[in-house]
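Undergrad: Residue numbers (full-length UniProt numbering): 1 to 284.
Note that CB positions come from ideal geometry on N, CA and C, so glycine has one too.
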């Protein structure tokens, strides 16, 4: 490692971008080499990326599938080329607060709706079955709809633990120990700042780089563009101690402008379902 401040690269999705900005906000004694998020990396940018990785003392890489489309950033390829300076974190994903959440695709990619990329299987099923908005809204509060004794939290954390098997650091233990105390996720893949800071601390501990989270208050780039409240079934089963929330923070969802230009909008369960039904009606 160089005798000056260590140079670090974060390769991943929006979580990687959050780690980059958190390093600056927290005053971590590292120099961040900024690279594009993984959805913007292609063969044209591979030369720049390879140069950035070569210069880095530590490469923090989000765990990706072994057959990820761009071979250069597959975890195994990075580890073969750069050895011990590659530290892998698992994609921090937890849907225990809002079971049934998913992405929806058409021939052009992800379908964008009132909660951007996010959809709910039970709303899709109700729309397909011809249920009304009112009938579907009642489902959200009818505990009998959630049949069986599926442990949503255990199911989601077990999936995370499975992803951690090929990672250098874990985060599932933190989620298990704290998910009742505080709502830790805005959406299933957008953790609150507390979780991001905890993961960043673990990454730097693994790298042997000093880290302090004392300056985390006031961090301006929180991943809260979309906020999904915890479902009633979660509150009934897990008895959280944090304050109940009801409104969804989403976007207006016109189909003729890019998602990044959509205006912010709050939804109740009923108005959200209404917006989804209108979206799906357009896609017939």
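What's the call for residue 246, buried or exposed, on a 16-neighbour Cβ count within 10 Å?
TA: Its Cβ having fewer than 16 others within 10 Å, residue 246 is exposed.
Undergrad: With a CB to CB cut of under 7 Å and the five nearest residues on each side skipped, what residues in its chain are close to residue 38?
TA: Closer than 7 Å at Cβ, skipping near neighbours: 11, 12, 13, 73.
Undergrad: How long is the line joining the alpha carbons of residue 226 and residue 216, rounded to whole angstroms?
TA: Those two C-alpha atoms are separated by around 21 Å.
Undergrad: Cα separation between residue 9 and residue 170?
TA: The alpha-carbon atoms of residue 9 and residue 170 are separated by roughly 19 Å.
Undergrad: State whether the segment 190-205 contacts the segment 116-123, with contact taken as three or more CB pairs (one from each stretch) at a distance under 8 Å.
TA: In short, these stretches do not touch, since the Cβ pair count stays below three.
Undergrad: Whose C-alpha, out of 269, 204, 244, 229, is nearest the C-alpha of residue 6?
TA: Of 269, 204, 244, 229, the residue nearest in Cα terms is 204.
Undergrad: Mark residue 90 as exposed unless 16 or more other C-beta atoms lie within 10 angstroms of its C-beta, in which case mark it buried.
TA: Residue 90 should be labelled buried.
Undergrad: Using 10 angstroms around the beta-carbon of residue 2, count the other beta-carbons present and answer buried if the total reaches 16, otherwise exposed.
TA: In this prediction, residue 2 scores a pLDDT of 47, lower than 50, which makes its location untrustworthy; the coordinate-derived value is nonetheless stated afterwards. Exposed.
Undergrad: If I measure Cβ to Cβ from residue 193 and keep anything under 6 Å in the same chain, skipping five residues before and after, which residues do I get?
TA: Only 219, 222 meet the Cβ criterion.
Undergrad: Fully enclosed by the segment 190-252, which beta strand (DSSP E) runs are 3 residues long or longer?
TA: Taking only runs of at least 3 residues, the beta strand (DSSP E) segments lying wholly in the segment 190-252 are 248-251.
Undergrad: Can the beta-carbon of residue 26 be found closer than 8 Å to that of residue 212?
TA: Closer than 8 Å, so yes.
Undergrad: Give me, in chain order, the residues of the same chain whose beta-carbon lies closer than 6 Å to that of residue 110; leave out the 5 immediate sequence neighbours on both sides.
TA: Result list for residue 110: 103, 117, in chain order.
Undergrad: Based on Cα-Cα distance, which residue from 67, 20, 28 lies nearest to residue 214?
TA: For residue 214, the nearest C-alpha among the options comes from 28.
Undergrad: Going straight from the alpha carbon of residue 272 to that of residue 248, what length do you get?
TA: Cα to Cα, the separation comes out at about 8 Å.
Undergrad: Is it a yes or a no for the segment 65-83 touching the segment 149-163, going by three-plus beta-carbon pairs under 8 Å?
TA: Touching, no, given that fewer than three Cβ pairs across the two stretches are closer than 8 Å.
Undergrad: Quick one: is residue 156 near chain B, going by C-beta distance under 8 Å?
TA: Absent from the structure is chain B; it holds one protein chain and no more.
Undergrad: On the premise that residue 277 lies in contact with residue 96, defined as a C-beta separation below 8 Å, what is that separation, rounded to the nearest angstrom?
TA: Actually they are not in contact, since the Cβ atoms of residue 96 and residue 277 sit about 26 Å apart, beyond 8 Å.
Undergrad: If you draw a straight line from the alpha carbon of residue 20 to that of residue 68, how long is it in whole angstroms?
TA: Taking the straight line from one Cα to the other gives about 23 Å.
Undergrad: Quick one: is residue 239 buried, meaning 16 or more other Cβ sit within 10 Å of its Cβ, or exposed?
TA: Residue 239 is exposed by the Cβ-count criterion.
Undergrad: Going by the DSSP bridge assignment, what does residue 7 pair with across the sheet?
TA: Paired residues: 31.
Undergrad: Is residue 244 buried or exposed, if buried means 16 or more other CB atoms sit within 10 Å of its CB?
TA: Exposed.
Undergrad: Taking just the CA atoms, how far does residue 161 sit from residue 181?
TA: Near 21 Å, if we compare the C-alpha coordinates of residue 161 and residue 181.
Undergrad: Starting from residue 74 and walking both ways along the alpha helix (DSSP H), at which residues does that stretch end?
TA: Taken as a continuous stretch (DSSP letters only), residue 74 belongs to no alpha helix (DSSP H), as it is neither H nor E.
Undergrad: Suppose contacts are defined by Cβ-Cβ distances below 8 Å. Is residue 79 in contact with residue 15 by that definition?
TA: Not a contact, by the Cβ cut-off of 8 Å.
Undergrad: Pick out whichever of 4, 232, 40 has its Cα sitting closest to the Cα of residue 138.
TA: Nearest option by C-alpha distance: 232.
Undergrad: For residue 106, which of helix, strand or coil comes out of DSSP?
TA: DSSP places residue 106 in strand when its eight states are reduced to three.
Undergrad: Answer with buried or exposed for residue 165, where buried requires no fewer than 16 other C-beta atoms within 10 angstroms of its C-beta.
TA: Exposed, by the Cβ-count rule.
Undergrad: Provide the residue(s) that pair with residue 264 in DSSP beta bridges, ordered along the chain.
TA: Paired residues: 251.
Undergrad: Decide if residue 266 is buried, meaning its Cβ has at least 16 other Cβ atoms within 10 Å, or exposed.
TA: Exposed.
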